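Engineer: The sequence shown begins at 0 in numbering that gives the first Met the number 0 and counts up one residue at a time.
Quick one: structure below, then a few questions.
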Amino acid sequence: MSKKLIGQPEKINENQMLQDVNKNRPDLSNPNPRDVSSAMVGSDGATLVNQYWGVSLVVPPGAIPEGQQKRIYFVVSDPRLCDNVPPLDLDNGERMLSPLVMCGPQGTEFLKPVILNIPHYANTLPSLGVSLKATDSEQELQTNWDNILLPSNHAANSVSVKVDHF
């Protein structure tokens, strides 16, 4: 049976977690708790929800081996306030239409894919297309962003992505 976790279910060391996600982020000394969602998740699975940003991460039952628990988290950032954002082709109209989401801890692998749900605002401008940029780069290395193909669905206001590792 999967449990639903909203916001920050237990007190954690947010500074250490954010350093783990991105050493170059300028606001590490004073993270905003509304931007961090974290939980210890076992084989029963869980759903982490950040209501402020509308982001969720679904860890299905069986994604984590029986008898194990892993701390899973995601950090949500306003892309206008971050240095480590995907490169955008502003001349061709590319814009960030969603928050920036970083999941961790890096190196975590799952037996079943987890589902990351991210809201976007492309539906406010029907002429816009949606593309997803993702990276697997280690923190210390230069970040390489890849374009991920998405199905065309202008009615949806969110993107759901299945991933088997962070």
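Even for Gly, the Cβ is constructed at its ideal location relative to N, Cα and C.
Quick caveat: nothing in here was measured; it's all calculated off a predicted structure.
Taking the beta strand (DSSP E) that TYR120 belongs to, which residues open and close that run?
Structural biologist: Here residue 120 refers to the residue found at position 121 of the sequence shown. Where TYR120 is concerned, there is no enclosing beta strand (DSSP E), given that its DSSP letter is neither H nor E.
Engineer: Ordered along the chain, which non-local residues of its own chain (more than five positions away) have a Cβ less than 6 angstroms from that of LYS2?
Structural biologist: If you number the sequence shown from 1, residue 2 lands on position 3. At LYS2, the pLDDT of 49 sits below 50, so the modelled position is not reliable; the number obtained from the coordinates is stated separately. These residues qualify, in order along the chain: ALA45.
Engineer: Return no unless some Cβ of chain D is closer than 9 angstroms to the Cβ of PRO98.
Structural biologist: Structure shown: chain D not included; a single protein chain is present.
Engineer: Can VAL54 and ILE114 be called in contact, C-beta distance under 9 angstroms?
Structural biologist: Locating residue 54 in the sequence shown gives position 55, where the first residue counts as 1. Locating residue 114 in the sequence shown gives position 115, where the first residue counts as 1. Cβ atoms of VAL54 and ILE114: not closer than 9 angstroms.
Engineer: With a threshold of 16 other CB atoms inside 10 Å of the CB of GLY103, please say whether the residue is buried or exposed.
Structural biologist: Residue 103 sits at position 104 when you count from the first residue of the sequence shown. Burial call: buried.
Engineer: Buried or exposed, going by whether 16 or more other CB atoms sit within 10 Å of the CB of ASP110?
Structural biologist: Numbered from 1 along the sequence shown, position 111 holds the residue referred to as residue 110. Just to set this straight, residue 110 is Leu in the shown sequence, not Asp. That one is exposed.
Engineer: Do you know offhand how far VAL48's Cα is from TYR72's?
Structural biologist: Residue numbering aside, residue 48 sits at position 49 when the sequence shown is read from its first letter. Residue numbering aside, residue 72 sits at position 73 when the sequence shown is read from its first letter. About 10 angstroms.
Engineer: Quick test of your reading: ASP163 and PRO112, contact by CB under 8 angstroms. State the CB separation rounded to the nearest angstrom.
Structural biologist: For the purposes of this step, residue 163 is taken as the residue at position 164 of the sequence shown. For the purposes of this step, residue 112 is taken as the residue at position 113 of the sequence shown. Confirmed, Cβ separation roughly 5 angstroms.
Engineer: How about VAL74 and VAL100: are their beta carbons less than 9 angstroms apart?
Structural biologist: Locating residue 74 in the sequence shown gives position 75, counting from the first residue. Locating residue 100 in the sequence shown gives position 101, counting from the first residue. A contact, by the Cβ cut-off of 9 angstroms.
Engineer: My understanding is that ASN156 touches HIS119, with C-beta atoms under 8 angstroms, so please give their C-beta distance in whole angstroms.
Structural biologist: Here residue 156 refers to the residue found at position 157 of the sequence shown. Here residue 119 refers to the residue found at position 120 of the sequence shown. Going by Cβ atoms, the distance from ASN156 to HIS119 rounds to 7 angstroms, so yes, they are a contact pair.
Engineer: What number of angstroms, rounded off, separates the C-alpha of GLN67 from the C-alpha of VAL160?
Structural biologist: On the sequence shown, residue 67 is found 68 positions in, with the first residue counted as 1. On the sequence shown, residue 160 is found 161 positions in, with the first residue counted as 1. If you take the alpha carbons of GLN67 and VAL160, they lie about 24 angstroms apart.
Engineer: With 16 other CB atoms within 10 Å as the buried threshold, where does ASP77 fall?
Structural biologist: The count along the sequence shown starts at 1 and reaches residue 77 at position 78. Exposed, since its Cβ has fewer than 16 Cβ neighbours within 10 Å.
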